[in-house]
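Note sheet for the following structure.
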Amino acid sequence: MNKLRRKSLLFVLGFLALINGLYSSIAAPNDYREKYDEIFKIQLILSVIIIIMVLVMAIVLLRKYKSNEAISPKEIKVFHNNKLEIGWTLVATVLVLYLFFISLPPTENFAAANNKQADVTISVIGHQFYWEFAIEGVVNSSFTSLNFTTGEIIPLVLFQNTTYLLKVTSADVIHSFFVPELGFKVDAVPGHYNYVYLENIQKGEYRVTCAEYCGVNHYNMPGLIKVV
Amino acid sequence: MTEETHEHPSRPYFKVLVILAVLTIIEVSVTYTGISEAILLWILLSLAFVKANLVIAFYMHVKYEPKPWLLYTIVFVLPFALAFPMAFFPTVG
Amino acid sequence: MEEEHEHVSGMAPIVGLSFAVTGFGLLEFSQGNYAMAFLLVGIFLAVVVGSVVKEIKKRSETVEAHEDEEVPIQFKKDPIFGFMGKKLWIWIFLISEVIFFTLIIGLSFSLRLVVDEGLGYREIAKFCGLPTDSNLFGLYPAGWVDQEGRAPHEVLDIPLTTLNTFVLITSSYTMVKAHEAAEKGDFLGKWGARNYLLMTAGIGATFLSIQVFEYVSLIINENFTVQSGLFGATFYLQTGFHGMHVLGGIIMILFMVYKIQSGAMKDSSDVEITGLYWHFIDVVWIMLFTLVYLV
Amino acid sequence: MATERKTTSYWFLDYKKFFGTIDHKQIGMLYMMFSFVNIVFAGLLALIMRAELYNPGKDFVESRDWAGYFTVHGTVMIFFVVMAMGAGLGNYLVPKMIGARDLYWPRWNNIAFWMLVPASYFVWSSMAPIGWTAYPPNAIVLGGDKVDRWLIGLILAGTSSVIGAINFLLTVIYLRRPGLTWKKLDLFTWSIVFMAFIQLAATPVITIGLVMEFLARSLGATYFSTNAGSSPLFWQHVFWSYSHPAVYIMILPAMGLTSLIISRFSQTEVFGKVSMILSMAAITLLGFIVWGHHNFTASPNSPPGWFFTLTTFLIAIPSGIKTFNWLLTMYKGKIVVDVPFLFAISFVLGFVLGGVTGVMVNTIPLDLVFHDTYFVVGHFHFIIIGGALSAVSGAIYFIYSDMTGRMYNRKLAYAHYIFWVIGYILTFGSMNVLGALGMPRRYYDYSVLSILPNYDMIVLFNRIATIGAFMQGIAFTIFVFNFIYSAFKGELADEKPYNIAIPRLWMTDEEWEQLENMEVMH
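Residue numbers (our numbering), protein chains in the order written: chain A, 26 to 253; chain B, 3 to 95; chain C, 598 to 892; chain D, 14 to 535.
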């Protein structure tokens, strides 16, 4: 039993070290992604602990109380331990509330995007099956993410030192403006604006995908954000 | 059930009908007085609430059941409480 | 009653499978073949009516009460729900219906609250600290109006509907009288349950005819359809569902009349169950009338 | 017992009984057969989809067909497999558990079952490329009758489930054997009570939504149209107000089955029964106010996301309590390790894996990445396949000898178990990884993601997922083969097929009394 315990402890510690190493080696390109990494790390570690705990409990209990003999109904025991139950209810509640409260500030931050003042407001319009970008207040600034004749992807070029407000909507069906590496997505809903506030993005190219099923070519709705 | 009915030989069904009719007339005539919609809404809602509960209490004879409040809560209040946020949260919440 | 011993029912699967016919009816409806749609739904209704009539006939032939008509042998008074006896099922069903109508009326009315400036939602929301402009519904048209800019009281015929309200309330009264008579054991007399039920069905049919008349005149004279903005769409959703429930109630009442006539009615609980359903429809109408027509 | 079995064995070969049976056990078996047929075909759809995703690029399915497959796969699996299994096992077990002869309305029970068959026909014939969520502008602008068929199928399925729910509630309220108070009621019956309540309360919501979408398609009604001042998001709210509680319709019976199996095979009573019941009640009620967590990215402001995050997090508490109660049920027991017990453990594993990923999806900063990616797909498949279907498989093995009078082949059952657990962990675990890497769901071809830095990993994990899916396919083939083969050729079962003290299914009157008089030890 001791051996098993030691092994599993080593395994857990090793796994946690791996996660920690994985996450400290990657630099997040912007705020959203940074918060994502931070919270995901916490949750992943907690999850691994919980999963291992459940597995260990199951295996240990199974080994200890395994017996293939039937007992008579009279011998059936009922165990009851109110303290234990109240205890883990409280632990679970505290844990859950902790997770809730660490997720609150980034949530509010994301939701409050429409109240923020940005240098440039870019309207992003979803179409079947491409994106259309236009800088608000600049005439004829509109362009599509796809060159229809060559099939090339035209990037949306952003500057690192400028702040941007993306105003996302759709012209036909619901799409979702998803940039995995920047750690956000918002749905492009016809007749309705969703806002994303972007600042201080690291230089690089970030793929834009559509994350809400929008028709046959949903998988192929290309877009690119290039930060210089 | 039959014994209980004998205990209440006459239930005020007709009276309730008259009250319902009168309340309806009041409701309709209030709409012609030209008061602002916001106040009208609350007057009409409370009148409708009274009417609905009259029907529930007397015609659906919840009032005469052995456990009226339990029945009222389980069938009307609880489902209403469940459905109300679903109905109003998406749009006005 | 050989069927019963074998635990086999001939009608049940036919009724269950006949829902396919309704499905095809709805499918025809969606493709615009209305005649075919009504024919198919009619076939479905005929199957249902036929099977119920057959069932009632079978029960009228046996002296002892049918097994699932009696509260079963194992029945033990449940400490919480036991007092309701046989009518428990309709109360359980009404839970579902309360949610159904709360949602239909509530969803429609919540849409109206944010659209209709006059109702004062914004003031209340501001007072309660709620968001005053819902981000969800960004592009409101001004007010709760149809495509030609008419408010509810300009489109809808309120005197006619008031009359209709009286009609429905009266039907509730006759229904409750039917129950009273049934409890006294008076089924077939001049002022017995049967006649009161017939009266109720007749008044309910009057209500439905007035509603159909209203629909037709709205569609033809006022050009007010489901496409007339949210107002039109929700109007037909709410009143249409209510009308369908009235239709169901009338059919249920006619079954009860047939049951009394054929002698299969053993006690008053069936009349009571029908009555509860009917009164619930009345309650729904009271709320609908206020929120759809008057406000 | 033995004589009774001979009559129940091949009853379904008689067409009169097959269609007209009003016996709760037989209707329960019909439900199970129905969901077996559906799971085989819907599973095949899943395998086709996974096979297409094995390699990036277009292989052998067209994109439009592929979209139809995932719609039908999702809808069928939810409404005609897992929910039908819940109804079937409820039918089979509840009357036995509470000592009733049958359900309260045997005939309506039959009607409710046969209504499901046309419903499944309509859904199967639709193949609508809309996704099982049928979000409006897309679902409304599509021509043809595909979406209409889908809507009609679901309306019928909903009606059937309301009838079933009323029937279950009436049965549990009125037909309990004397002395069986609410407090003594076992956890499976409780779970069916809560399931029935959710069906009763939530189905009207989806019916309204479906009718609105139906009218919007056929008559051009403007419920979701932007021009009329409404919003497509309106549908999302209505839809999820039903569909989130619907998840609990699927998982609650599985929880009940797990409690049943673990306590029977550990030969103890369930640890903390009261808290188990209260947890289920909490899950049921909270389930109605969490739907907004499906819309975090659809409208980040309104309704307020934090409210739904909080309520959803609160659901984690009763779920956690239940998990640890199941585990502690084994404490100081005499555990008989047999097939059903292993499947119940597999449920706990799937439930925990799905649970922790569920907490992640619910955290808004994480949801901004995970929403509508494979992470979500992995999460709910862990719950539904790893969780609910494991418990259901275990329960079917548990009652197999009672159903057929014969014993299944244990070796095949162990093979099923091993392929199943490894398969689902591989598939849905790698789906979670794929989601975290940024692969959105419902992607027919992921070669367009090649600009992402982790593209190699995306390809790799897609392949692992496909391999895992085929392992599940093998597992299920073994299951179905075992099920059918053993029904005809298996060895005859003993009266009590497992070496257990109180298999409540086979209890005598004395055992009932003993159980009822049992005192709680502290």
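Using N, Cα and C, we set each Cβ at its ideal position, and we do this for glycine too.
Practice item. Just the chain B side, please: which residues come within less than 7 Å of Asp-754(C) by C-beta, in chain order? Key: Listed along the chain, the chain B residues whose CB falls inside 7 Å of the CB of Asp-754(C) amount to none; the nearest CB is some 12 Å away.
Exercise for review: Identify whether Val-533(D) lies in helix, strand or coil by the three-state DSSP scheme.
Suggested key: Because the pLDDT at Val-533(D) is just 46, under 50, the model does not fix this residue reliably, and the value given afterwards should be weighed accordingly. Note: Val-533(D) maps to coil in three-state DSSP.
Practice item. Using a Cβ cut-off of 9 Å, pull out every chain E residue sitting near Trp-688(C), in sequence order please. Key: The structure shown has no chain E; the protein chains it does contain are A, B, C and D.
Exercise for review: Determine the closest residue to Phe-441(D) out of Leu-116(D), Tyr-468(D), Phe-395(D), Phe-181(D), with distance taken between C-alpha atoms.
Suggested key: Among Leu-116(D), Tyr-468(D), Phe-395(D), Phe-181(D), the Cα nearest to that of Phe-441(D) is on Phe-395(D).
Check your understanding: Does DSSP classify Tyr-134(D) as helix, strand or coil?
Key -> When DSSP states are grouped into helix, strand and coil, Tyr-134(D) belongs to the helix group.
Check your understanding: With distances taken from CA atoms, which of Pro-205(A), Asn-165(A), Asn-225(A) is nearest Asp-144(A)?
Key -> The option with the nearest alpha carbon to Asp-144(A) is Asn-225(A).
Check your understanding: For the 8 Å Cβ check, are there 3 or more pairs between the segment 86–103 of chain A and the segment 342–351 of chain D?
Key -> At 8 Å Cβ cutoff, the stretches touch.
Practice item. Note down, in chain order, each residue of its chain lying with its Cβ closer than 6 Å to the Cβ of Ala-125(D), except the 5 sequence neighbours on either side. Key: Only residues of its own chain outside the window of five on either side were considered, and among them Ser-173, Ile-176, Gly-177 have a CB closer than 6 Å to the CB of Ala-125(D), listed in chain order.
Point to revise | Residue(s) in a DSSP beta bridge with Ile-150(A) | key: Answer is Glu-157(A), Thr-194(A).
Check your understanding: What does DSSP give as the partner residues of Thr-34(D) in its beta bridges?
Key -> Beta-bridge annotation (DSSP): Thr-34(D) is paired with Val-605(C).
Review point. Between the segment 207–219 of chain D and the segment 270–283 of chain D, do at least 3 Cβ pairs fall closer than 8 Å?
Key: With the cut-off at 8 Å, the segment 207–219 of chain D and the segment 270–283 of chain D do not touch.
Exercise for review: Can you have a look at Lys-60(A) and say buried or exposed, based on whether 16 or more other CB atoms are within 10 angstroms of its CB?
Suggested key: Lys-60(A) comes out buried.
Point to revise | Alpha carbon of Pro-669(C) to alpha carbon of Lys-684(C), nearest angstrom | key: Unreliable placement is indicated for Pro-669(C), whose pLDDT of 49 sits below 50; the coordinate value is still reported in the next sentence. One alpha carbon belongs to Pro-669(C), the other to Lys-684(C), and they sit about 14 Å apart.
Exercise for review: Report yes if the CB atom of Leu-768(C) is closer than 7 Å to the CB atom of Ile-800(C), and no otherwise.
Suggested key: The residue you asked about is not Leu; residue 768(C) is Ser in the sequence shown. Going by C-beta atoms, Ser-768(C) is nearer than 7 Å to Ile-800(C).
Exercise for review: Show which residues of chain D have a CB atom less than 8 Å away from the CB atom of Phe-626(C).
Suggested key: When 8 Å is used as the limit between beta carbons, Phe-626(C) is near these residues of chain D: Ser-231, in chain order.
**Study point:** Whole-angstrom distance between Leu-362(D) and Ala-609(C), CA atom to CA atom
**Key:** Their Cα atoms are separated by approximately 41 Å.
Exercise for review: Could you name the residues of chain B that Ala-295(D) contacts, counting a contact when the two beta carbons are closer than 9 Å?
Suggested key: Per Cβ cutoff of 9 Å: no residues; Ala-295(D) is ~14 Å from chain B at best.
Check your understanding: DSSP beta-bridge partners for Asn-219(A)?
Key -> In the DSSP output, where bridge partners are listed per residue, Asn-219(A) has Val-193(A).
Practice item. Determine, using beta carbons only, whether Met-884(C) and Ile-702(C) come nearer to each other than 7 Å. Key: Taking 7 Å as the cut-off, the beta carbon of Met-884(C) is found closer than this to the beta carbon of Ile-702(C).
Check your understanding: Where does Ala-500(D) sit, in a helix, a strand or coil, going by DSSP?
Key -> Ala-500(D): helix per DSSP, three-state reduction.
Review point. Closest by CA to Gly-399(D), which one among Leu-193(D), Asp-36(D), Ile-264(D)?
Key: Minimum Cα distance to Gly-399(D) is reached at Ile-264(D).
Practice item. With Phe-635(C) as the anchor, note down where its alpha helix (DSSP H) starts and where it stops. Key: Taken as a continuous stretch (DSSP letters only), the alpha helix (DSSP H) holding Phe-635(C) covers 631–658.
Exercise for review: Give the straight-line distance between the Cα atoms of Ile-111(A) and Met-452(D), rounded to the nearest whole angstrom.
Suggested key: In a straight line, the C-alpha of Ile-111(A) is about 41 Å away from that of Met-452(D).
Check your understanding: Does the separation of the CB atoms of Val-252(A) and Gly-229(A) fall below 7 Å?
Key -> If you check the CB distance, Val-252(A) and Gly-229(A) come in under 7 Å.
Practice item. Determine whether the Cβ of Ala-632(C) lies closer than 7 Å to any Cβ atom of chain D. Key: It does not; no Cβ of chain D falls within 7 Å.
**Study point:** For Gly-682(C) and Trp-433(D), the rounded distance between their alpha carbons
**Key:** When rounded, the distance between both Cα atoms is 47 Å.
Point to revise | Check whether Gln-744(C) and Gly-826(C) have beta carbons under 7 Å apart | key: Taking 7 Å as the Cβ cut-off, Gln-744(C) and Gly-826(C) qualify as a contacting pair.
Check your understanding: Do Ala-89(B) and Leu-700(C) have their C-beta atoms closer together than 7 Å?
Key -> Contact check for Ala-89(B) against Leu-700(C) passes: the beta carbons are separated by less than 7 Å.
Practice item. Give the interface partners of Val-612(C) over in chain D, defined as CB-CB distance under 7 Å, in chain order. Key: Neighbours of Val-612(C) on chain D, chain order: Ile-124.
Check your understanding: Are the C-beta of Asp-351(D) and some C-beta of chain C separated by less than 7 Å?
Key -> With 7 Å as the cut-off, Asp-351(D) does not count as an interface residue toward chain C.
**Study point:** Bridge partners - Arg-232(A), DSSP secondary structure assignment
**Key:** Bridge partners of Arg-232(A): Leu-249(A).
**Study point:** Interfacial residues, the segment 816–830 of chain C to chain B, with Cβ spacing under 7 Å
**Key:** For the segment 816–830 of chain C, which is checked against every Cβ of chain B, not one residue is closer than 7 Å.
**Study point:** Spatially closest choice to Pro-247(A) from Ile-76(A), Tyr-155(A), His-217(A), by CA coordinates
**Key:** Selected option, being the one with the closest Cα: Tyr-155(A).
**Study point:** Test: Gln-68(A) CB closer than 7 Å to a CB of chain D
**Key:** Yes, because at least one Cβ of chain D sits closer than 7 Å to the Cβ of Gln-68(A).
Review point. Can you list, in chain order, the residues of the segment 689–701 of chain C whose Cβ is nearer than 8 Å to any Cβ on chain D?
Key: Flagged, chain order: Ile-689, Phe-690, Ile-692, Ser-693, Glu-694, Ile-696, Phe-697, Leu-700, Ile-701.
Practice item. Measure the C-alpha to C-alpha separation of Leu-844(C) and Pro-119(D) and round it to an integer number of angstroms. Key: Each residue's alpha carbon lies about 26 Å from the other.
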